[in-house]
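Asker: The numbers in numbering that gives the first Met the number 0 rise by one with no breaks, and the one at position 40 of the sequence shown is 39.
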Amino acid sequence: MTSSKADRPVQRRGIHLSQLDWPVVIGIVALHVGAVFAVFPAMFSWSGVLIALFLCWVTGGWGITLCYHRLLTHRSFKTPKWFEYFLTTCACLAWQGGPVNWVGTHRIHHKHSDEEGDPHSPVQDGFAWAHVFWCMHKHTDGIRAADAAKDLQRDFGQRWLNKLFIVPQFVLAALLFGIGYAVEGPMLGLSWIVWGVCLRTILVYHGTWFVNSASHTWGYRNFETKDASTNLWWVALLSFGEGWHNNHHAHQRSAAHGLRWYEFDLTYWTIRALALVGLARDIVMPEPDQMPR
Ligand SMILES: [Zn+2]
Ligand SMILES: [Zn+2]
Numbered sequence: 000m001t002s003s004k005a006d007r008p009v010q011r012r013g014i015h016l017s018q019l020d021w022p023v024v025i026g027i028v029a030l031h032v033g034a035v036f037a038v039f040p041a042m043f044s045w046s047g048v049l050i051a052l053f054l055c056w057v058t059g060g061w062g063i064t065l066c067y068h069r070l071l072t073h074r075s076f077k078t079p080k081w082f083e084y085f086l087t088t089c090a091c092l093a094w095q096g097g098p099v100n101w102v103g104t105h106r107i108h109h110k111h112s113d114e115e116g117d118p119h120s121p122v123q124d125g126f127a128w129a130h131v132f133w134c135m136h137k138h139t140d141g142i143r144a145a146d147a148a149k150d151l152q153r154d155f156g157q158r159w160l161n162k163l164f165i166v167p168q169f170v171l172a173a174l175l176f177g178i179g180y181a182v183e184g185p186m187l188g189l190s191w192i193v194w195g196v197c198l199r200t201i202l203v204y205h206g207t208w209f210v211n212s213a214s215h216t217w218g219y220r221n222f223e224t225k226d227a228s229t230n231l232w233w234v235a236l237l238s239f240g241e242g243w244h245n246n247h248h249a250h251q252r253s254a255a256h257g258l259r260w261y262e263f264d265l266t267y268w269t270i271r272a273l274a275l276v277g278l279a280r281d282i283v284m285p286e287p288d289q290m291p292r
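(1) Mind reading off the beta-carbon distance from L175 to G195? Whole number of angstroms is fine, and I expect it under 8 Å.
(2) Kindly give me the distance between the Cβ atoms of L19 and H136, rounded to whole angstroms, as I take these residues to be in contact under 8 Å.
(3) Could you please go through the chain and list the residues whose beta-carbon is closer than 6 Å to any non-hydrogen atom of ligand 1?
(4) Is it true that the CB of T269 sits closer than 9 Å to the CB of W21?
(5) Drop a sphere of 10 angstroms on the beta-carbon of W260, count the other beta-carbons inside from all chains shown, and report buried for 16 or more, exposed for fewer.
(6) With a 10 Å radius around its C-beta and 16 neighbouring C-beta atoms as the bar for buried, classify D288 as buried or exposed.
(7) Report yes or no: do three or more beta-carbon pairs, one from the segment 176–194 and one from the segment 107–117, lie closer than 8 Å?
(8) Specify, as a first and last residue, the run of the alpha helix (DSSP H) that N221 falls within.
(9) If I'm right that I282 touches F76 with Cβ under 8 Å, what's the distance once you round it to whole angstroms?
(10) Is the beta carbon of Q301 within less than 8 Å of some heavy atom of ligand 2?
(11) Does the separation of the CB atoms of C91 and Q168 fall below 9 Å?
(12) Would you tell me roughly how many angstroms separate the C-alpha atoms of W56 and P79, rounded to the nearest one?
(13) For R143, I'd like the list of residues in its chain whose CB is within less than 8 Å of its CB, leaving aside the five on either flank, ordered along the chain.
(14) In or out: L231 buried (at least 16 other Cβ within 10 Å) or exposed?
(15) Where in the segment 227–285 do unbroken runs of the alpha helix (DSSP H), each at least 4 residues long, occur, reported from the N-terminal end onward?
(16) Less than 6 Å between C-beta atoms, sequence neighbours within five positions excluded: which residues of the same chain meet that for E262?
(17) Take the Cβ of R69 as the centre, count every other Cβ of all protein chains shown within 10 Å, and call the residue buried at 16 or more, exposed below.
(18) Residue range of the alpha helix (DSSP H) that E115 falls in?
(19) Go ahead and pull the three-state DSSP assignment for K137.
(20) Check L65 in the structure and name its three-state DSSP category.
(21) Measure the CB-CB distance between T266 and N245 and report whether it falls below 9 Å.
(22) What residues are listed by DSSP as bridge partners for L202?
(23) Please find out if some non-hydrogen atom of ligand 2 comes closer than 8 Å to the beta-carbon of Q251.
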């Protein structure tokens, strides 16, 4: 950790039972318990593994990283409205909250990075808080999060997706079970739910959460930003490019987070591929003299 802020005394937030958001806590614990069943032979299927990997990319890569983060939070590129809604639905499947709350919370993180007011700073409140406990608590800053995403609140489609974000996951689970049941029977249907919903959702959870915790703790820095953000290769792999987080804090609107040749950023190349078929334009990049030396 290279930030000078790491050395100062901090009043850490901790777990307070009275402030826990119980539906969120129960949901996160239930998904972890469901994911444990993936190791039981009766629940294993290679088709389940492939479905889980593909849905990790769809919900974590296209949904959270490409849509919630680079498109909706930072407007790193433009895309047709119908495609924005499709990508937002992919993000809703990750069960990390609706677009207004996710985007608003992340904008607050950038406004107060690693200082008082940051919803998830390992420097301020410890690694475990920044990784998971912050999202298990009721947020008195909920109104502020909505305020920070007024552009999305003005959008009729985004407003409704924010209210109904929890629904698509149930529709997907029913489809997975129904198709698995039709192909081979109830055990394959259950296997696809365990792998394609429970395990996949927690893999994407931890991929995203490591950006908040590990990528403000370990790794190297290309830019001397005021926060403790770092570039961390294994978080970049787990989160479809988000682990080049120091680059991102330095150039927040850049569509590319990996800025050196070896900083592989799958989401940036996905945006470039979308541009080839006319689904991404006005892609924002740092100026040549802003690139890391
Ligand atoms: Zn950050
Ligand atoms: Zn950001």
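Positions of the beta carbon are idealized from the N, C-alpha and C atoms, including for glycine.
Answerer: Let me spell this out:
(1) Indeed they touch by this definition, with Cβ atoms about 5 Å apart.
(2) So it is a contact: roughly 6 Å between Cβ atoms.
(3) Answer in sequence order: H108, S112, H215, S228, H244 and H248.
(4) For W21 and T269, no; Cβs fall outside 9 Å.
(5) When all chains shown are included, W260 counts as exposed.
(6) Under the 10 Å beta carbon count, D288 is surrounded by fewer than 16 other beta carbons and is classified as exposed.
(7) Using a C-beta cut-off of 8 Å, the segment 176–194 makes no contact with the segment 107–117, since fewer than three inter-stretch Cβ pairs fall below that distance.
(8) Following the DSSP letters along the chain, one finds N221 in no alpha helix (DSSP H), marked with neither H nor E.
(9) The Cβ separation is near 5 Å, so the contact holds.
(10) Residue numbering for the chain in the displayed model covers 0 to 292; residue 301 lies beyond these limits and cannot be assessed.
(11) Result yes, Cβ atoms of C91 and Q168 sit closer than 9 Å.
(12) Cα to Cα, the separation comes out at about 21 Å.
(13) Contacts found: G103 and I107.
(14) Buried.
(15) Listed in chain order, they are 232–237, 244–249 and 265–275.
(16) Result list for E262: W243, in chain order.
(17) Here R69 is buried. Its C-beta has 16 or more other C-beta atoms within 10 Å.
(18) From DSSP, E115 is part of no alpha helix (DSSP H); its letter is neither H nor E.
(19) Shown here, K137 sits in coil according to DSSP, grouped into three states, outside any helix or strand.
(20) It is helical.
(21) For the 9 Å CB-CB criterion, T266 and N245 do not form a contact.
(22) Partner(s): none; L202 has no beta bridge.
(23) For ligand 2, at least one heavy atom lies less than 8 Å from the Cβ of Q251.
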